[in-house]
Each structure stands twice: as C-alpha cells, then as structure tokens.
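Have a look at the structure below before the remarks.
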Amino acid sequence: MDFVLETKNLSKSYGHSHALSGVDMHVPKNSVYGLVGRNGAGKTTLMRVVTGIQRESGGSYSLFGVDNKDKKIVKERKRVGSMIESPSIFLDISAEENLKMQYRILGLPSFSDIPEILRIVGLEDTGKKKAASFSFGMKQRLGIAMAIAGSPDLLILDEPINGLDPEAIVEMRELIIRLNKEMHMTIVVSSHILDELSRVATYYGFLDSGRMVKEISREEMDKECRKAMRVKVKSIEKASVSLSRFGLEYSIIDDDTLDLYGEIGFQEVLKLLENAGVVDIEKRNENLEGFFINTIGGKV
Numbered sequence: 018m019d020f021v022l023e024t025k026n027l028s029k030s031y032g033h034s035h036a037l038s039g040v041d042m043h044v045p046k047n048s049v050y051g052l053v054g055r056n057g058a059g060k061t062t063l064m065r066v067v068t069g070i071q072r073e074s075g076g077s078y079s080l081f082g083v084d085n086k087d088k089k090i091v092k093e094r095k096r097v098g099s100m101i102e103s104p105s106i107f108l109d110i111s112a113e114e115n116l117k118m119q120y121r122i123l124g125l126p127s128f129s130d131i132p133e134i135l136r137i138v139g140l141e142d143t144g145k146k147k148a149a150s151f152s153f154g155m156k157q158r159l160g161i162a163m164a165i166a167g168s169p170d171l172l173i174l175d176e177p178i179n180g181l182d183p184e185a186i187v188e189m190r191e192l193i194i195r196l197n198k199e200m201h202m203t204i205v206v207s208s209h210i211l212d213e214l215s216r217v218a219t220y221y222g223f224l225d226s227g228r229m230v231k232e233i234s235r236e237e238m239d240k241e242c243r244k245a246m247r248v249k250v251k252s253i254e255k256a257s258v259s260l261s262r263f264g265l266e267y268s269i270i271d272d273d274t275l276d277l278y279g280e281i282g283f284q285e286v287l288k289l290l291e292n293a294g295v296v297d298i299e300k301r302n303e304n305l306e307g308f309f310i311n312t313i314g315g316k317v
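First residue of the sequence shown? That's 18 in the working numbering, and the numbers climb one at a time after it.
Now the structure itself:
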C-alpha cells in the first residue's frame with residue numbers, strides 16, 4: 018500500500034508530560050483518514066508535529082516517502098495544506114483577498130485559481146464582504162480554502178466540524194468528500210462527532226493517551242460493526258458444523274463464542290444450535306462510537 022504520511026515511534030514531550038508516546042501511523046494515498054480520540058489524546062499535537070509546526074521529541078515521520086530529517090522534506094511540505102485548531106484568516110478583508118494573501122505567502126505566481134477555489138468551498142458569492150461578518154461555518158470553509166491554495170496532495174484538518182450547526186456540518190461533509198474524490202486529495206481529519214466522521218472516512222486511526230491503539234480500514238470496520246448475534250455455546254465444534262450445514266455466515270471469536278450474521282431471531286438460533294448447547298445470546302449492532310468505546314474505553 019502507498020502511504021503519503023507515516024510516523025514511526027513518534028513522540029512529543031513537554032517536560033515530564035508525554036503528549037505522544039511512540040505513535041505509528043499510516044495514511045494511505047487517496048484515503049480520508051479519520052483520526053479518533055478523546056480530548057487530550059494527542060490528535061492536535063500529532064497534526065502539529067507532522068506539519069512542522071512543532072518538532073518531535075523522538076521517532077520520525079515521512080511525507081510522500083521522504084523522511085523528516087532529509088533536507089528534501091522542505092519541498093514535500095509544500096504538498097501539504099492544513100487547518101489546525103482554528104482558521105488562519107484575516108477578518109478585515111474579503112475571502113478573495115484572504116486567498117491572495119495566502120498565494121503571496123506560498124509564492125504562487127498567479128491568482129487565476131482563486132475563483133475556482135471559492136466555488137469549491139461555496140464562497141464564490143461573498144464578493145467584498147469582510148470575513149469578520151461571515152458565519153462560523155463560512156469562516157471554517159474559508160480556512161479550508163486557505164489550506165487548499167496551491168492544490169496540496171495532503172490536507173490535514175483538525176476538528177473542522179466542531180461548533181457547526183447541522184446544515185453547516187452537512188456542507189462540510191460534502192466539501193471533504195468533494196476534495197477527496199474530485200481533487201484527489203488525501204485527507205486526515207479529526208472529529209468528536211463520530212457519526213459524521215463515519216460518513217466520510219475510508220480509514221481510521223484510534224489514538225489514546227498519546228498512543229496509536231488501532232488502525233483499521235472502512236471495509237474492516239464495516240465487518241466489525243455488522244449486525245450479528247453473538248452466541249456463547251458449550252461446543253464451538255458442533256455449532257460450526259450446524260451453521261455450515263445450513264450455509265449461514267459466521268465467525269468464531271474464541272473457544273466458546275461466535276458471531277452469527279444475517280437477519281435471524283433468538284428462537285431460530287436456539288433451534289439451529291440446540292446440539293451445541295447455547296449458553297448466552299446477545300444482539301450486536303455496533304457503530305463507530307461503539308467500536309471506539311470497546312477499543313479504547315470511555316467516551317470521546
């Protein structure tokens with residue numbers, strides 16, 4: 018698999034406090050990588066380190082295959098756009114003027130792409146209206162417009178939907194999908210709103226107390242979160258024979274437990290596995306939040 022961002026044993030400390038402790042992260046090319054973790058897990062610190070805003074205390078990372086200690090990393094950073102913590106915008110000028118300022122900072126030779134960027138983020142009709150009068154959602158979209166100036170290959174977004182109203186959340190979701198699908202940007206995005214994150218992410222990283230607990234693809238997640246009956250039996254061998262005979266899909270969890278998939282009722286399960294000795298049955302219909310809680314414990 019081709020990764021645009023990788024970290025190896027990445028650490029960041031502030032005195033005796035460890036914000037990151039040996040993080041291994043792998044962001045596949047063309048993915049929307051959902052970074053999941055409760056407050057204080059290290060998400061923002063991780064983003065600040067890999068974008069060069071802060072220096073790591075240990076370990077390393079690479080962008081597009083170039084190690085951060087290589088002099089060539091300066092060139093690769095130009096392929097990364099980011100919006101971390103809050104949008105870096107000038108409130109006393111228009112959206113267009115903000116973008117012109119960003120283009121000058123980046124040393125881009127032409128402003129010709131600015132109208133298209135404003136259209137992409139839905140700010141094409143703001144004219145000379147100053148950013149100070151924008152809604153919170155409009156400011157977030159302007160922040161993303163600034164981040165995608167120069168068409169970066171990797172976009173890093175820290176809590177872009179935090180504080181948005183429901184309509185603005187939908188707009189932000191559609192924007193992230195559009196940037197990924199139409200502009201072919203790999204996107205790393207963190208969010209506390211896990212239901213929304215599950216609508217855009219194609220890959221997930223679960224961060225807890227500065228450590229990467231698990232990385233998983235959407236396909237793997239969908240399998241983990243499928244509707245199922247979790248059945249505990251006295252004989253897993255007899256249960257396996259019975260279910261295979263009827264062509265039912267199942268997976269063995271351990272020596273006495275299995276997950277049985279599909280639309281099937283309690284009584285039907287009891288009848289099918291009568292010879293196996295059913296001890297316990299429970300329904301499972303896990304979502305991203307449930308998976309997070311079971312993986313890390315507690316709440317986001």
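Cβ coordinates follow ideal geometry from the N, Cα and C atoms, glycine included.
Endpoints, beta strand (DSSP E) assigned at residue i
i	result
Leu140	Per DSSP, Leu140 belongs to no beta strand (DSSP E) and is neither H nor E.
Met118	Careful: Met118 lies outside any beta strand (DSSP E), inside the alpha helix (DSSP H) at 112 to 123.
Glu176	From DSSP, Glu176 is part of no beta strand (DSSP E); its letter is neither H nor E.
Glu285	Careful: Glu285 lies outside any beta strand (DSSP E), inside the alpha helix (DSSP H) at 283 to 289.
Ser207	203 to 207
Asp276	274 to 278
Ile269	267 to 271
Strand pairing of residue i, partner residues [DSSP]
i	result
His43	Glu23
Ile193	DSSP output for Ile193 lists no bridge partner at all.
Ile298	Val248
Leu171	Val97, Thr203
Ser129	Ser129 pairs with nothing; no bridge assigned.
Lys29	Leu37
Lys146	Per DSSP, none; premise fails for Lys146.
Backbone CA spacing between residue i and residue j [nearest angstrom]
i	j	result
Ala245	Val91	49 Å
Leu181	Tyr50	21 Å
Leu287	Met229	40 Å
Phe14	Leu214	For the chain, the structure presents residues 18 to 317; residue 14 sits outside this window and is missing.
Ser261	Tyr220	32 Å
Gln157	Lys146	16 Å
Thr312	His35	21 Å
Val67	Ile134	25 Å
Ile204	Arg243	26 Å
Glu237	Ala164	30 Å
Ser105	Phe20	28 Å
Glu83	Arg235	With the sequence shown as reference, residue 83 is identified as Val, and Glu is not the correct amino acid for it. The straight-line gap from Cα to Cα measures roughly 27 Å.
Leu37	Lys231	15 Å
Ala148	Leu116	12 Å
Asn197	Phe283	42 Å
Gly39	Gly264	44 Å
Ile310	Asn304	10 Å
Start and end residues, alpha helix (DSSP H) containing residue i
i	result
Gly160	153 to 164
Leu305	305 to 313
- Message: If we require 4 or more residues per run, which alpha helix (DSSP H) segments fall completely within the region 213 to 262?
- Response: Counting only runs of 4 or more, we get 235 to 241, 253 to 262.
- Task: Flag this pair as touching only if the region 219 to 227 and the region 48 to 55 have three or more C-beta atom pairs under 8 Å; answer yes or no.
- Result: Yes: at least three Cβ pairs fall under 8 Å.
- For the region 33 to 109, which segments carrying the alpha helix (DSSP H) assignment without a break, of at least 4 residues, lie completely within its bounds, in sequence order? Counting only runs of 4 or more, we get 60 to 67, 90 to 94.
- Report yes or no: do the region 136 to 151 and the region 100 to 112 share at least 3 C-beta pairs separated by less than 8 Å? Contact between the region 136 to 151 and the region 100 to 112 is present: 3 or more CB-CB pairs across the two stretches fall below 8 Å.
- Task: Decide if the region 63 to 79 is in contact with the region 167 to 186; the criterion is three or more beta carbon pairs, one per stretch, under 8 Å apart.
- Result: The region 63 to 79, when compared against the region 167 to 186, does touch it at the 8 Å Cβ threshold.
- Cβ contact check for the region 251 to 261 and the region 290 to 303: 3 or more pairs under 8 Å: Yes: at least three Cβ pairs fall under 8 Å.
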